[in-house]
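Visitor:
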Amino acid sequence: MAESTAEPVVRVRGLISRFGAQVVHDGLDLEVRPNEIFGIVGGSGSGKSVLLRTILGLRRPQGGSVEVYGRDIHRLARAERLALVRSWGVTFQTGALISSLSVAQNVQLPLREYYPMPEYALDQLAELNLRLVGLPPDAASKYPAQLSGGMVKRAALARALSLEPKLLFLDEPTSGLDPISAAAFDELLLYLHSELKLTVVMITHDLDSLFRTCHRVGVIVDGRMVTGTLAGMMDNPQPWIHSYFHGPRGRAAERAAQMDGGNPHG
Amino acid sequence: MNALALERDGGDWRLHLQGDWSLAGMAQIDEEIGALPGDMSGTLVCDWSRARAPGIGPVWALVTRLAQLSGTGLQVRHVGGAPHTVALLQKLELERADVPSVPASAERGVRRAIGALGRWAVMQGIEARGVLGFFGRIATVLGHAVSRPGALRVPSIARHIYETGITAIPIVSLIAFLISVVVAYLGAQQLSKFGADIFVVDLVTIGVLREMGVLLTAIIVAGRSGSAFAAEIGFMQLNEETDALRAMGMNPVELLVVPRVLALIIALPLLTVIADAMGLAGGGLLSLLELHIPLAQFSVRLREALSPTTFWAGLIKAPVFALLIGMVGAYRGMQVRESARELGRLTTMAVVQSIFLVILADALFAVLFQKIDF
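Sequence order for the protein chains is A and B. Here the first sequence is numbered in my numbering, starting from 1 and rising by one per residue. Here the second sequence is numbered in my numbering, starting from 267 and rising by one per residue.
1. Got a sec: which bits of the segment 38–70 of chain A sit with their beta carbon under 8 Å from any beta carbon on chain B, in order along the chain?
2. Any C-beta of chain B within less than 8 Å: which residues of the segment 76–92 of chain A qualify?
3. Taking the straight line between their C-alpha atoms, what separation do you get for residue 638 (chain B) and residue 631 (chain B)?
4. My output table needs one value for residue 632 (chain B): the three-state DSSP class, helix, strand or coil.
5. Here's the rule: buried if 16 or more other CB atoms are within 10 angstroms of the residue's CB, otherwise exposed. What is residue 136 (chain A)?
6. What did DSSP end up calling residue 19 (chain A) once you bin it into helix, strand or coil?
7. Which whole runs of the alpha helix (DSSP H) in the segment 294–375 of chain B are 4 residues long or more, in chain order?
8. Strictly under 8 Å for the Cβ-Cβ distance: is residue 202 (chain A) near chain B by that measure?
9. Confirm, please, whether the CB-CB distance from residue 590 (chain B) to residue 624 (chain B) is below 8 Å.
10. Please determine, among A:244, A:231, A:175, A:211, the residue with the shortest C-alpha to C-alpha distance to residue 93 (chain A).
11. Specify the secondary structure class of residue 30 (chain A) as computed by DSSP and reduced to three states.
12. Can you give the beta carbon distance from residue 301 (chain A) to residue 108 (chain A), rounded, assuming they're within the 8 Å contact cut?
13. Mind checking who residue 271 (chain B) pairs with in its DSSP beta bridge?
14. So, does the CB of residue 499 (chain B) fall closer than 8 Å to a CB anywhere in chain A?
15. Please report the straight-line C-alpha distance between residue 327 (chain B) and residue 50 (chain A), rounded to a whole angstrom.
16. I'd like the list of long-range same chain contacts for residue 351 (chain B), defined as Cβ closer than 7 Å, with 5 residues on each side in sequence excluded.
17. Name the chain B residues whose beta carbon is nearer than 9 Å to that of residue 125 (chain A)?
18. Listed in chain order, which residues of the segment 126–139 of chain A have Cβ atoms closer than 9 Å to some Cβ of chain B?
19. Please list, in chain order, the chain B residues whose beta carbon lies closer than 7 Å to that of residue 117 (chain A).
20. Tell me, please, whether the CB atom of residue 330 (chain B) is closer than 8 Å to any CB atom in chain A?
21. With which residues is residue 25 (chain A) paired in a DSSP beta bridge?
22. Report the rounded CA-to-CA distance for residue 26 (chain A) versus residue 223 (chain A), giving the unit in angstroms.
23. Measure the alpha-carbon distance for residue 285 (chain B) versus residue 611 (chain B) and round it to whole angstroms.
24. Could you name the residues of the same chain whose beta carbon sits closer than 8 Å to that of residue 4 (chain A), not counting the 5 residues immediately before and after it, in chain order?
25. Identify the contact partners of residue 351 (chain B) in chain A, using a Cβ-Cβ distance below 8 Å as the criterion.
26. Using 8 Å for Cβ pairs, my map puts residue 544 (chain B) next to residue 442 (chain B). What's the rounded Cβ distance?
27. With a 10 Å radius around its C-beta and 16 neighbouring C-beta atoms as the bar for buried, classify residue 106 (chain A) as buried or exposed.
28. Roughly how many angstroms lie between the CA atoms of residue 196 (chain A) and residue 132 (chain A), to the nearest whole one?
29. Measure the Cβ-Cβ separation of residue 474 (chain B) and residue 549 (chain B) and say whether it is below 8 Å.
30. Are there three or more Cβ pairs, one per stretch, closer than 8 Å when the segment 521–532 of chain B is compared with the segment 591–601 of chain B?
31. Return the residue from the list B:447, B:616, B:571 that minimises the CA-CA distance to residue 489 (chain B).
32. So, does the CB of residue 367 (chain B) fall closer than 8 Å to a CB anywhere in chain A?
33. Within its chain, find whatever has a CB closer than 7 Å to the CB of residue 192 (chain A); leave out the 5 residues flanking it on each side and keep chain order.
34. Using a Cβ cut-off of 7 Å, pull out every chain B residue sitting near residue 188 (chain A), in sequence order please.
35. In chain B, what lies closer than 9 Å to residue 163 (chain A) by C-beta?
36. Ordered along the chain, which non-local residues of its own chain (more than five positions away) have a Cβ less than 6 Å from that of residue 313 (chain B)?
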C-alpha cells in the first residue's frame with residue numbers, strides 16, 4: 001500500500017489516561033490514515049478499550065488531544081459533536097444490541113432518530129444492511145437473545161453501518177467466535193472495506209484476524225503506542241512485541257497467512 | 267428540486283439523478299422512485315452526473331425498484347460517474363430470494379376471543395403451578411437446612427437483614443410518625459365535636475398497633491426490597507450468573523432466594539416494632555400539642571385502650587407479609603429472560619403484586635381476627 005500523505009482520519013497526540021494513581025496511557029500517539037484497516041493490540045489491561053472510549057468521546061482524557069477528521073471531540077459544541085458522532089460506526093465487544101428491540105429495529109434505530117422517512121424505506125434499509133453483513137432475511141424479526149454469537153457480531157456491524165459511515169471502530173469483532181465464523185467475519189470486513197471504501201480501526205486479540213485484515217498495527221506497550229506494518233512488528237526487538245508476534249500462536253497465524261497468499265494489502 | 271427527472275430519448279428513457287442523494291434525502295427519493303412509471307420499455311439510462319454524495323441506502327432503493335421494472339424487459343445502464351456501490355447493490359439484489367410472506371392468521375371474531383380466553387386460562391394455570399413449585403423449592407431448601415445447617419447461609423442472611431431492615435429504619439420511622447400524626451389530627455378534629463378528645467388515644471394506639479404500623483412497613487419494604495430482589499436476581503438471570511451457579515452444582519434458590527426471604531421474615535417484624543413505637547410517639551406528640559393531653563395521661567389512657575392482644579395482632583402479620591413480599595420479588599426476578607425490558611416489567615410486577623397480596627392478606631387477617639375474637 002502506498003504511503004498516504006493525506007490528513008489522518010484519527011490523530012491522537014500525547015494522550016494521558018489515569019485512573020487514580022494508575023497510569024494507563026502515558027503520552028500515547030496514534031495516527032490512522034484514510035482507507036486503511038488499523039489494528040490495535042496490547043496486553044490485557046493495557047488500555048485498548050480506554051483508548052477507543054477516549055477517541056469516541058465517551059471518556060475525557062487527563063491530557064493530550066484526540067482529533068477525528070481534524071476535529072477535537074472533547075472541544076466541540078453539541079451540534080458539531082453530534083455531526084461527528086454520526087459520521088462513524090461503532091461495534092462493542094459484546095454487541096451491545098438493544099435487547100428489547102428486534103434486529104431490524106436495532107438497525108433502524110439511528111436512522112429513525114436522524115432521518116425522517118416512511119416505514120417502507122426503513123424496512124428497505126434494514127434489509128440492505130442485513131444483506132451487507134450477510135445475515136439471512138429471517139434474522140430481521142429475531143431478538144438479540146435469539147441470535148448466535150456470530151450473528152450478534154454481524155447484527156452489531158449492520159447497526160454500525162446503518163448511517164453509512166466512512167469510519168468504523170470495532171472492539172474485538174471476532175472474540176468469542178469459532179474459527180470459521182471469525183474467518184468469515186474477516187472476509188466480510190475486507191469485502192465491506194473495499195466496497196464501501198471504509199477506514200477501520202479495530203481492537204483485536206485475534207492474531208489470524210490481524211494478519212488477514214490489517215494494513216498497519218499499533219501495539220500499546222508501557223502506555224505508549226508502537227506503530228508499524230506487520231512485517232515491521234515481526235522484526236521489532238521490544239520484548240513484549242517480540243513475544244506477542246513470535247509466540248506459538250503468532251508464528252502459527254503468520255504461517256497460516258502466508259499459506260493463504262498472505263495479507264491482501266501486501 | 268426533484269431528485270429524479272425522467273425524459274424520453276427517442277424510443278428510450280433517460281433518468282437524471284440530481285440533487286442530494288445522501289441518506290438525508292431518502293424520504294423524498296423513495297417517494298419519487300415509487301412514482302416511476304411501470305410500463306417503460308427499451309433502454310433506461312441513469313445519469314448520475316448531477317447527483318450529490320450518493321449514499322448506499324438511496325442507491326439501494328433505486329436498484330431494487332429498477333430490478334422490478336426490468337421484469338418488463340427494460341434494459342438499465344448507469345452513466346455519468348455512477349457510485350461505486352451500484353455494482354455491489356445490483357449483486358445483492360440478484361441474490362435476493364423471494365421470501366414467501368406468511369399468510370395472516372385467519373381466525374376472526376368469536377373464535378379468536380375464545381382462543382385468547384383459553385390461552386389466558388392456560389397461562390394462569392402454568393403461572394399458578396410455577397408459584398407453587400417455587401414455594402416448594404424454598405420449602406425443600408429449608409427442609410434440607412434442618413439436617414445441613416450450612417444450607418442457611420448465615421452471612422448472606424445477615425447482609426440482607428442489613429440491607430432490607432437496618433437501612434430502612436429512617437424512612438419507616440419517618441413515615442410511621444407522620445401518618446400517625448395525620449390520623450391523630452383527623453381524629454381530634456372529629457372527636458372534639460363530641461368532647462371526646464381523649465379517644466384520640468384509642469384511635470391512634472389501636473390503629474397503629476393493629477393495622478397501620480405493620481401495613482405501612484410492609485408496603486414500604488415491598489417498594490424498597492421487593493423491587494431490589496426482583497432486579498438483582500433478574501440481572502443475574504440476564505448475566506447467566508444463575509446458570510453458572512447451577513452448572514457448578516449450586517442451587518440458586520438456596521443461594522439467592524432463601525437468604526433474602528428469611529432475612530425479610532426477620533427484618534420486617536423488627537421494623538414493625540420500630541414503626542409502632544414511632545407511630546405512638548407521633549400520636550402522643552400531637553395529643554400533647556394539639557389536644558393538650560399530657561404524656562402521663564396519654565400513657566395511662568393508652569394502657570386502658572389496649573387489650574393484651576392488640577400489639578400481637580399487628581406483629582403476627584409481619585412475617586406473613588415478609589414471606590409474600592420476598593417470594594414475589596424473588597419469583598419475578600427468576601422469571602426474567604432475554605431483555606432489559608423484561609427486567610423492568612417483572613420488577614414493576616413484583617412490587618405491584620406484593621403490595622396487592624399484602625393488602626389482601628391483611629383483609630383476610632382482619633376477618634380471621636374478627637371471627638376468633640383476637
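Just so you know, even glycine gets a beta-carbon here, dropped at the ideal spot from N, CA and C.
Guide: For this structure:
1. When C-beta distances to chain B are compared with 8 Å, every residue of the segment 38–70 of chain A stays at or above that value.
2. Answer set for the segment 76–92 of chain A: empty.
3. On the second sequence, position 372 is the one that residue 638 (chain B) refers to. On the second sequence, position 365 is the one that residue 631 (chain B) refers to. Straight-line spacing of the CA atoms in residue 638 (chain B) and residue 631 (chain B) works out to 10 Å.
4. By 1-based counting over the second sequence, the position of residue 632 (chain B) is 366. Correct three-state label for residue 632 (chain B): helix.
5. Against the first sequence, residue 136 (chain A) aligns to sequence position 136. So residue 136 (chain A) ends up on the exposed side.
6. For this step, residue 19 (chain A) is matched to residue 19 along the first sequence. Residue state, collapsed to three classes: strand.
7. Counting only runs of 4 or more residues that sit fully inside the segment 294–375 of chain B, the alpha helix (DSSP H) segments are 322–335, 351–361, in chain order.
8. Taking the first residue of the first sequence as position 1, residue 202 (chain A) is located at position 202. With 8 Å as the cut-off, residue 202 (chain A) does not count as an interface residue toward chain B.
9. On the second sequence, position 358 is the one that residue 624 (chain B) refers to. On the second sequence, position 324 is the one that residue 590 (chain B) refers to. Yes. Within cutoff.
10. The sequence position of residue 93 (chain A) within the first sequence is 93, counting from 1. Distance from the Cα of residue 93 (chain A) is smallest, within the candidate group A:244, A:231, A:175, A:211, for A:175.
11. For this step, residue 30 (chain A) is matched to residue 30 along the first sequence. In the three-state reduction of the DSSP assignment, residue 30 (chain A) falls in the strand class.
12. Since the first residue of chain A shown is 1 and the last is 266, residue 301 (chain A) is not available in this structure.
13. Translated into the one-based positions of the second sequence, residue 271 (chain B) becomes position 5. The partner list for residue 271 (chain B) (beta bridge, DSSP) reads B:282.
14. Indexing the second sequence from 1 puts residue 499 (chain B) at position 233. For residue 499 (chain B), the answer is no, since every Cβ of chain A falls outside 8 Å of its Cβ.
15. Counting from 1 along the second sequence, the entry for residue 327 (chain B) is found at position 61. Counting from 1 along the first sequence, the entry for residue 50 (chain A) is found at position 50. Their Cα atoms are separated by approximately 39 Å.
16. Here residue 351 (chain B) is taken as the residue at index 85 of the second sequence, counted from 1. Scanning its chain for C-beta atoms nearer than 7 Å, with the 5 sequence neighbours on each side dropped, one finds around residue 351 (chain B) the residues 322, 325, in chain order.
17. Reading the first sequence from its first residue, position 125 is the one you call residue 125 (chain A). Those are 289, 292, 322, 323, 326, 327, listed as they occur along chain B.
18. Hits within the stretch, in order: 127, 128, 129, 131, 132, 137, 138.
19. Sequence index remark: in the first sequence, residue 117 (chain A) carries index 117 (1-based). Simply 292, 293, 296.
20. Walking along the second sequence from the start, residue 330 (chain B) turns up at place 64. Output row for residue 330 (chain B): interface = yes.
21. One-based indexing of the first sequence puts residue 25 (chain A) at position 25. Answer is A:17, bridged to residue 25 (chain A).
22. Here residue 26 (chain A) corresponds to residue number 26 of the first sequence, with the count starting at 1. Here residue 223 (chain A) corresponds to residue number 223 of the first sequence, with the count starting at 1. Rounded to the nearest angstrom, the two C-alpha atoms are 5 Å apart.
23. Reading the second sequence from its first residue, position 19 is the one you call residue 285 (chain B). Reading the second sequence from its first residue, position 345 is the one you call residue 611 (chain B). Just so you know, the alpha carbons of residue 285 (chain B) and residue 611 (chain B) end up roughly 47 Å apart.
24. Here residue 4 (chain A) refers to the residue found at position 4 when the first sequence is read from its first residue. Note that residue 4 (chain A) has pLDDT 48, beneath the 50 cutoff, so the model's placement of it is unreliable and the number below is only indicative. 33, 34, 35, 36.
25. To locate residue 351 (chain B), count along the second sequence from 1; it is residue 85. At a beta-carbon threshold of 8 Å, the residues of chain A lying near residue 351 (chain B) are 195, 196, ordered along the chain.
26. Working through the second sequence from its first residue, we reach residue 544 (chain B) at position 278. Working through the second sequence from its first residue, we reach residue 442 (chain B) at position 176. With 8 Å as the limit, residue 544 (chain B) and residue 442 (chain B) qualify as a contact, their Cβ atoms being about 4 Å apart.
27. Sequence index remark: in the first sequence, residue 106 (chain A) carries index 106 (1-based). Buried.
28. Position 196 of the first sequence, counted from the start, is the residue given in the question as residue 196 (chain A). Position 132 of the first sequence, counted from the start, is the residue given in the question as residue 132 (chain A). Each residue's Cα considered, the two are about 10 Å apart.
29. Here residue 474 (chain B) refers to the residue found at position 208 of the second sequence. Here residue 549 (chain B) refers to the residue found at position 283 of the second sequence. The answer is yes: Cβ separation under 8 Å.
30. The segment 521–532 of chain B and the segment 591–601 of chain B touch, with no fewer than 3 CB-CB distances between them shorter than 8 Å.
31. Here residue 489 (chain B) is taken as the residue at index 223 of the second sequence, counted from 1. For the residues B:447, B:616, B:571, the minimum Cα distance to residue 489 (chain B) belongs to B:616.
32. Locating residue 367 (chain B) in the second sequence gives position 101, where the first residue counts as 1. Any reading at residue 367 (chain B) needs caution, since the residue's pLDDT is 49, under 50, leaving its predicted position unreliable; the model's value is listed next. No, its Cβ sits nowhere closer than 8 Å to a Cβ of chain A.
33. Looking up residue 192 (chain A) in the first sequence gives position 192. Shown here for residue 192 (chain A): same chain residues with a beta carbon closer than 7 Å to its own, the five before and five after excluded, namely 132, 198 in chain order.
34. Locating residue 188 (chain A) in the first sequence gives position 188, counting from the first residue. Per Cβ cutoff of 7 Å: no residues; residue 188 (chain A) is ~13 Å from chain B at best.
35. Within the first sequence, residue 163 (chain A) is the residue found at index 163, counting from 1. Within chain B, the residues near residue 163 (chain A) are 289.
36. On the second sequence, position 47 is the one that residue 313 (chain B) refers to. The residues 282, 345, 346, in chain order, have a CB closer than 6 Å to that of residue 313 (chain B) in the same chain once the five nearest residues on each side in sequence are set aside.
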